[in-house]
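Reminder that position 132 of the sequence shown reads as 173 in my numbering, one-by-one numbering, no gaps. All C-beta atoms in this analysis are idealised placements derived from N, C-alpha and C, irrespective of residue type, glycine included. Quick notes on the structure that follows.
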Amino acid sequence: MVILAPTHSNTHANSVILYHISWHTFERILLETGSDRHHRFTYNQGILEIMTPLMPHEHNNRLLQKLIDTLVEELNLNVKSTGSLTCKREDIAKAVEPDSSFYIQNELIMRNKTSLDLTQDPPPDLVIEVDYASSSIDKLPIYLALGVPEVWRYNEPVMQIYSLVDGQYLLCNGSPTFANLPLNTEIPQFLAASLQVGEVAMIKNFRRWLTTQIS
Numbered sequence: 042m043v044i045l046a047p048t049h050s051n052t053h054a055n056s057v058i059l060y061h062i063s064w065h066t067f068e069r070i071l072l073e074t075g076s077d078r079h080h081r082f083t084y085n086q087g088i089l090e091i092m093t094p095l096m097p098h099e100h101n102n103r104l105l106q107k108l109i110d111t112l113v114e115e116l117n118l119n120v121k122s123t124g125s126l127t128c129k130r131e132d133i134a135k136a137v138e139p140d141s142s143f144y145i146q147n148e149l150i151m152r153n154k155t156s157l158d159l160t161q162d163p164p165p166d167l168v169i170e171v172d173y174a175s176s177s178i179d180k181l182p183i184y185l186a187l188g189v190p191e192v193w194r195y196n197e198p199v200m201q202i203y204s205l206v207d208g209q210y211l212l213c214n215g216s217p218t219f220a221n222l223p224l225n226t227e228i229p230q231f232l233a234a235s236l237q238v239g240e241v242a243m244i245k246n247f248r249r250w251l252t253t254q255i256s
């Protein structure tokens, strides 16, 4: 029996929770909804959350993607951006679709891949979750089970960076992926500034700040 929980909403997303969903049913839902949908799916051992992000959520997500693009350019890193890629493993009955995901350390391994099989392929090196508190399923244990090395959680105006160390996530004062720069304290300030100066000026200011940090 499928049990449908009441939809809840806030300024960032609308979501609905389904209980007693088999893995087979979840796979059918993925197949039938296709890759062009605007929903995000999170599955954890029979519980399925379907979330529809709203404008503030998507705006911050896109800005964070632009900051990642700036970081890899200035630090001369290769990157494969994989967006809301469905990361799933049937053997542990867990699946998640991050707001954004990136291969950086494993970019070369994944460069020419067109699909993901987490029984053989590495998970994304970095994932971003925006407005984490709006989710009904705690995604961090799912990322841990999948072995994602670094997770950024942005719940305006706070950003937390988690790094996978010895089988557990530790809160960091900087990003291990990006030369341990203090992005958890700096990025929220730049995101807030974008509301005053605009996106283009904010990215230029971020680039200038970054060059002072790595020069």
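request  = Entirely within the stretch 50-77 and at least 3 residues each: give me those beta strand (DSSP E) ranges in chain order.
outcome  = 54-60
message = Please report whether the beta-carbon of L126 lies at a distance below 8 angstroms from any beta-carbon of chain C.
response = You won't find chain C in this structure, because it holds only one protein chain.
request  = Count the other C-beta atoms from every protein chain shown that fall within 10 angstroms of the C-beta of Y144, then say buried if there are 16 or more, exposed otherwise.
outcome  = buried
message = Tell me whether the stretch 121-141 and the stretch 154-171 touch, counting them as touching only if at least three CB pairs, one residue from each stretch, are closer than 8 angstroms.
response = yes
request  = State the start and end residues of the unbroken alpha helix (DSSP H) segment that holds V241.
outcome  = E240 to I255
task = From the DSSP output, in three-state form, read off I91 for me.
result = strand
query = From Y210 to T74, what does the alpha carbon distance come to, in whole angstroms?
reply = Distance between the alpha carbons of Y210 and T74: 32 angstroms.
message = Starting from R103, trace the alpha helix (DSSP H) in both directions and tell me its first and last residue.
response = M96 to E115
Residues bridged to M200 (per DSSP) = Y195
key: CA-to-CA distance, E131 to L71, given in whole angstroms   = 13 angstroms
request  = Kindly identify the DSSP beta-bridge partner or partners of L83.
outcome  = Correcting the residue type first, residue 83 is Thr in the shown sequence and not Leu. Its beta-bridge partners are E90 and V137.
request  = Below 8 angstroms on the Cβ atoms is my guess for L89 versus I228; work out the distance and round it to an integer in Å.
outcome  = The pair is not a contact, with the Cβ atoms about 31 angstroms apart (cut-off 8 angstroms).
query = Leaving out five residues before and five after N119 in sequence, what residues of the same chain have Cβ atoms less than 6 angstroms from its Cβ?
reply = Correct list, in chain order: E148.
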